[in-house]
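Engineer: Would you mind keeping the following structure in view while I ask a few things?
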DNA sequence: CTCCATACTAAGCGGTTGCTTAGGTCTAAG
DNA sequence: CTTAGACCTAAGCAACCGCTTAGTATGGAG
């Protein structure tokens, strides 16, 4: 994951699918505010002000504040799933390492989005939550599948596959909580560190 | 950590220092509500109702809603620090394993408190946050110290001590996010699983 | 030009929030 | 009985919330 920012600091390829531009600016403003203060502490006036519009402008593009959250959560989950499963390696050890490197560094680089994704699920309506939970199920299955592939190939030594997969996922997700830009490690360094630690956890021969 | 519940399901040894009993009931009600809905989504009326009192009763015992949060956060941090450092083992490998087992299972067993501790820091006033951050610094130092002790004794193989300590702490803390009672694993089983995974991460000889 | 759809704002509505005030009830000491 | 003080409630206040309504500005089609 490399960040290719344009002229505008808040421009973020995560939201490129969102149109029109005013709706995208609103989403980016909402994601930033939800990430810092949390969904419930953020007012629709905050979001509109950060997007440079009036409070009523929110409701031109979105039905409610919760729908803003849902769009952020849905797109964020879909993006993180594609980051995790988009690795090209086929060797189980290299594949798990690459996936963890990408997934962990995504949670650092895009910690703003990732925090909304990971910590605001309970603010979604039951219908919207169901959509997102399905994406989360696929994320869990992808991690578990990579661990199982290594075990099946005899490359990993794991007494509890489900437990190891849980820990790997948990470790990567929690990066979003503690990471802060300008800290000791870059997102890429975190990815490398975590890839190594995960290979140790699954008992892989780390070349 | 063993749970010794009395006649009342919400009774919790974590809050035994809080008096009078009405103030303790209020804290327990607040912790339960903050844990489920989050600080900002919880109203003082919710808390009072759960404690079986009128909305105004909150302010007999606490200056503000934020002071309720601070007391929960302060006591919760102090408890988790003592759980982490209270292990009696001296051998570095057994000591780290015991500390991780206790710390991870605490985050499961007391996930209600732990969620407030880990996810509501930003709702604290700057003064209260400073108190809590000092406790968090000591928790980090304790974990790092245990990893360093194993390296110094030649029992661990760790290329990046600070990074490994960060990952160990992060892994245990995130238990509070995903754990749910009645799930696949008990807190004790989570402690055992995590102790094993952590010894693998630090390259210890796991007997 | 008119017509019309899109994108936006000013103003404000009903409801909820954290917290306060004024007063009531209980227990125990004098 | 009187008094003091701890504990609690009923009622409500000012501020703020998500969201709506009514109306304005803009730009392209006919």
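Protein chains in written order, with my numbering: chain A, 1044 to 1250; chain B, 1044 to 1250. Glycine included, C-beta positions come from ideal geometry on N, C-alpha and C. Remember, it's a predicted structure, so these values are computed and weren't measured experimentally.
Could I get the ranges of all uninterrupted alpha helix (DSSP H) runs contained in the region 1097-1162 of chain A, with 4 residues as the minimum, in chain order?
Structural biologist: 1101-1104, 1108-1128, 1135-1152, 1154-1162
Engineer: Chain A beta carbons: is any one of them nearer than 9 Å to that of residue 1053 (chain B)?
Structural biologist: At residue 1053 (chain B) the pLDDT is 49, less than 50, meaning the model places this residue with poor confidence and gives no usable figure here.
Engineer: Tell whether a beta-carbon distance below 9 Å holds between residue 1186 (chain A) and residue 1212 (chain A).
Structural biologist: A contact, by the Cβ cut-off of 9 Å.
Engineer: Identify whether residue 1094 (chain B) lies in helix, strand or coil by the three-state DSSP scheme.
Structural biologist: Residue state, collapsed to three classes: coil.
Engineer: Please name the residues in the region 1145-1156 of chain B whose beta-carbon is closer than 9 Å to at least one beta-carbon of chain A, in chain order.
Structural biologist: Residues of the region 1145-1156 of chain B whose Cβ lies closer than 9 Å to any Cβ of chain A: none.
Engineer: What in chain A is Cβ-close to residue 1084 (chain B), meaning under 7 Å?
Structural biologist: 1083
Engineer: Examine chain B for any beta-carbon lying closer than 9 Å to the beta-carbon of residue 1216 (chain A), and answer yes or no.
Structural biologist: yes
Engineer: Between residue 1111 (chain B) and the rest of its own chain, which residues show a CB-CB distance below 6 Å, the 5 nearest in sequence each way excluded?
Structural biologist: 1073, 1105
Engineer: Taking just the CA atoms, how far does residue 1222 (chain B) sit from residue 1217 (chain A)?
Structural biologist: 14 Å
Engineer: Please name the residue, chosen from A:1200, A:1120, A:1067, that lies closest to residue 1095 (chain A) on a Cα-to-Cα basis.
Structural biologist: A:1067
Engineer: Assess, as a yes-or-no matter, whether the region 1130-1148 of chain B is touched by the region 1225-1237 of chain B under the definition of 3 or more beta carbon pairs within less than 8 Å.
Structural biologist: yes
Engineer: Name the residue from B:1156, B:1125, B:1155, B:1153 whose alpha carbon lies nearest to the alpha carbon of residue 1141 (chain B).
Structural biologist: B:1125
Engineer: What would DSSP say about residue 1083 (chain A), mapped onto helix, strand or coil?
Structural biologist: Three-state result, residue 1083 (chain A): coil.
Engineer: Pick out whichever of A:1139, A:1227, A:1170 has its Cα sitting closest to the Cα of residue 1242 (chain A).
Structural biologist: A:1139
Engineer: Can you grab the Cα-Cα spacing for the pair residue 1065 (chain B) / residue 1155 (chain B), in whole Å?
Structural biologist: 20 Å
Engineer: Do residue 1179 (chain B) and residue 1120 (chain B) have their CB atoms nearer than 9 Å?
Structural biologist: yes
Engineer: Smallest Cα separation from residue 1184 (chain B): which of B:1127, B:1172, B:1200, B:1199?
Structural biologist: B:1127
Engineer: Smallest Cα separation from residue 1246 (chain B): which of B:1160, B:1056, B:1202, B:1181?
Structural biologist: B:1202
Engineer: Please work out which residues of its chain come closer than 7 Å, Cβ to Cβ, to residue 1239 (chain A), disregarding the five sequence neighbours upstream and downstream, and give them in chain order.
Structural biologist: 1249
Engineer: Is any beta-carbon of chain B found at less than 9 Å from that of residue 1119 (chain A)?
Structural biologist: no
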